[in-house]
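Chemist: In full-length UniProt numbering, the protein residues as written are 1 to 552.
Just so you know, even glycine gets a beta-carbon here, dropped at the ideal spot from N, CA and C.
Dropping the structure in here first, questions after.
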């Protein structure tokens, strides 16, 4: 596994903050080493994707993984007041990725060609997931003097993504690395291994075939079920195939976002969300101790005076917790306490504080848990940037088999179990958790696949759990409405979660506006878009969601 390198590329990597720069061309791409550019493409792709679901960000708040403190710009994550988001970084990656592809065509290098198609698909797929219609077919055509590209319809983008992933699978299936190698030092994901790149390509192909599940009947140009089936025949088989990148932790460019290099916020700036913590508690999930710390002060009716006790979790980590006499039955007496979603400022500050009158920073409420200290480090063994995992592949297969119309057969429960286990393996549960018994965990009716008739909900809920702090859970929730997350007490636009990103702030050039307005006109307004506001809104339906009834 490779680490995220700090790269200084002053000539060829141009910033791109607004639409008119989407088609800016790098200088002299034919003189640039594809190995050199690949390192940039892979590192920046991992950082951007990981950043979408990063703790404290908008998607993390919407999926109820975390809540921000009242003093830390919490309008977006806590109350769904999302603002416009730049896509410049994505198109910067795409321009550089095109250098790799063009160079590969010139010298007939199928390995580089296949890898560039995979990364092209990953970035364009993420962009259309976020926004809807996007600049696609003309977006990298500055050399043809197309400076204001059209927004392709979302259906065409998804078809293009699936087509390119299928082409990548074919290219990567028969690579002779003695003739067509990629430097292991440049390939930050897979050390120059074409087989693992092929598995990644097919895992993404499965992801996007399932992404368009609700619209597959209107995509007659492609047999979506067959795409899923073909991709599943050669994909990830264990966690060694995961597309992940570690943090080095040496500089701002390669350190984790919550460590001291990149963040000066105190540990109480971000708190775990109550619904997520409660779910982990109800199922005795061993991943809870990997992600969340015990409260510093625990309410307990069995003590008569404050009593300091040492709490040891199943990983051998020790914490000093002060047990406080519980003065009310309304207090949360759990050892792990999340912050309820979308609380007003005064309620968030005083939540679960009871009659504790000791002085401390209002945000540093010792009766609420904080994120595990591993998220305060510049690098940590278990904290990685994850683009695609074996766990996700298993949950995709479980869902596809359960649905019965995606071309695959088998035992859905087996894949469901493997999805849970492989997620736990990502967090070294089986390696480190003393006394953990998976069979006992699985016997919980909320986990057991065959306990009850809500099997699809169980698949998506476990996938949500395993997707902790990653954006895939939001994309799944939009498609299925599962898990059934309840909005917080205060929401900016109504009692619903957001369903898309707003386009970057419009450029006033008429050549830009005509394409932008065409894309916005195709969005479908909903009851949560205020009267008189543009349909370029977080609560407008993109093509992917129109007519599906999901997620609300």
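Residue 221 bridges to which residues according to DSSP?
Modeler: For residue 221, which the question treats as bridged, DSSP gives no partner whatsoever.
Chemist: To the nearest whole angstrom, what separates the beta carbons of residue 500 and residue 130, a pair I think is in contact under 8 Å?
Modeler: So it is a contact: roughly 7 Å between Cβ atoms.
Chemist: Grab me the residues of residue 200's own chain with a C-beta within less than 7 Å of its C-beta, minus the 5 sequence neighbours each way, in chain order.
Modeler: Hits under 7 Å: 118, 243 and 388.
Chemist: Report buried or exposed for residue 154, applying the criterion of at least 16 other Cβ atoms within 10 angstroms of its Cβ.
Modeler: buried
Chemist: With a cut-off of 8 Å on the beta carbons, I'd call residue 434 and residue 316 a contact; round off their distance for me.
Modeler: 7 Å
Chemist: With a CB to CB cut of under 6 Å and the five nearest residues on each side skipped, what residues in its chain are close to residue 280?
Modeler: 288
Chemist: Which residues mark the beginning and the end of the alpha helix (DSSP H) in which residue 126 is found?
Modeler: 110 to 131
Chemist: Suppose the cutoff is 7 Å on Cβ atoms and the five residues either side in sequence are ignored; what does the same chain contact list for residue 565 look like?
Modeler: The first residue shown for the chain is 1 and the last is 552, placing residue 565 beyond what the model contains.
Chemist: In chain order, what residues of the same chain have a beta carbon less than 8 Å from the beta carbon of residue 335, not counting five sequence neighbours either side?
Modeler: 294, 295, 298, 311 and 321
Chemist: According to DSSP, is residue 339 helix, strand or coil?
Modeler: strand
Chemist: Taking C-alpha atoms, which residue in 481, 231, 394 and 273 lies nearest to residue 77?
Modeler: Among 481, 231, 394 and 273, the Cα nearest to that of residue 77 is on 273.
Chemist: Using the three-state DSSP reduction, which class does residue 550 fall into: helix, strand or coil?
Modeler: coil
Chemist: Is the beta carbon of residue 71 less than 9 Å from the beta carbon of residue 269?
Modeler: yes
Chemist: I'd like the list of long-range same chain contacts for residue 494, defined as Cβ closer than 6 Å, with 5 residues on each side in sequence excluded.
Modeler: 528
Chemist: Do the segment 361 to 373 and the segment 165 to 178 touch if we need at least three Cβ pairs shorter than 8 Å?
Modeler: No, the segment 361 to 373 does not touch the segment 165 to 178.
Chemist: Where in the segment 291 to 337 do unbroken runs of the beta strand (DSSP E), each at least 3 residues long, occur, reported from the N-terminal end onward?
Modeler: Under the rule that a run must span 3 or more residues, the beta strand (DSSP E) segments found entirely inside the segment 291 to 337 read 297 to 300, 307 to 312 and 318 to 325.
Chemist: Just verifying my parser: in three-state terms, what is the DSSP assignment at residue 134?
Modeler: strand
Chemist: On a Cα-Cα basis, can you pick out the residue from 122, 53, 186 and 135 that is closest to residue 504?
Modeler: Of all alpha-carbon atoms in 122, 53, 186 and 135, the one lying nearest the alpha-carbon of residue 504 is that of 135.
Chemist: Keeping to the same chain, check which residues put their C-beta closer than 8 Å to that of residue 51; ignore five residues upstream and five downstream.
Modeler: So the list reads 57 and 257, once near-sequence residues are dropped.
Chemist: Report the option in 444, 308, 127 and 73 whose CA atom is closest to the CA atom of residue 85.
Modeler: 127
Chemist: Once you ignore the five residues that flank residue 377 on each side, which residues in its own chain have a CB closer than 6 Å to its CB?
Modeler: 259
Chemist: Quick check: residue 47 and residue 385, are their CB atoms within less than 9 Å of each other?
Modeler: yes
Chemist: Mind checking whether residue 42 and residue 189 have CB atoms under 9 Å apart?
Modeler: yes
Chemist: According to DSSP, simplified to helix, strand and coil, what is residue 489?
Modeler: coil
Chemist: DSSP on residue 91, reduced to helix/strand/coil?
Modeler: helix
Chemist: Looking at C-beta atoms only, is the number of pairs between the segment 543 to 550 and the segment 469 to 488 that lie closer than 8 Å three or more?
Modeler: yes
Chemist: Please classify residue 510: is it buried, with 16 or more other beta-carbons within 10 angstroms of its beta-carbon, or exposed?
Modeler: exposed
Chemist: Count the other C-beta atoms from every protein chain shown that fall within 10 angstroms of the C-beta of residue 392, then say buried if there are 16 or more, exposed otherwise.
Modeler: Counting the other Cβ atoms within 10 Å of the Cβ of residue 392 gives 16 or more, which makes it buried.
Chemist: Is it buried or exposed, residue 368, if we count other Cβ atoms within 10 angstroms and call 16 or more buried?
Modeler: buried
Chemist: I need the straight-line Cα distance from residue 21 to residue 88, nearest angstrom please.
Modeler: Because residue 21 carries a pLDDT of 42, less than 50, the predicted location of this residue cannot be relied on, and no value is offered for it.
Chemist: For residue 205 versus residue 230, is the C-beta spacing smaller than 9 Å?
Modeler: yes
Chemist: Among 341, 344, 68 and 302, which has the Cα closest to the Cα of residue 328?
Modeler: Ranking the options by Cα distance to residue 328, first place goes to 302.
Chemist: Could you check whether residue 341 and residue 64 sit closer than 9 Å to each other, using their CB atoms as the reference points?
Modeler: yes
Chemist: Smallest Cα separation from residue 485: which of 496, 491, 151 and 382?
Modeler: Comparing alpha carbon positions, the residue from 496, 491, 151 and 382 closest to residue 485 is 496.
Chemist: Roughly how many angstroms separate the alpha carbons of residue 90 and residue 137, rounded to a whole number?
Modeler: 15 Å
Chemist: List the DSSP bridge partners of residue 243.
Modeler: 388
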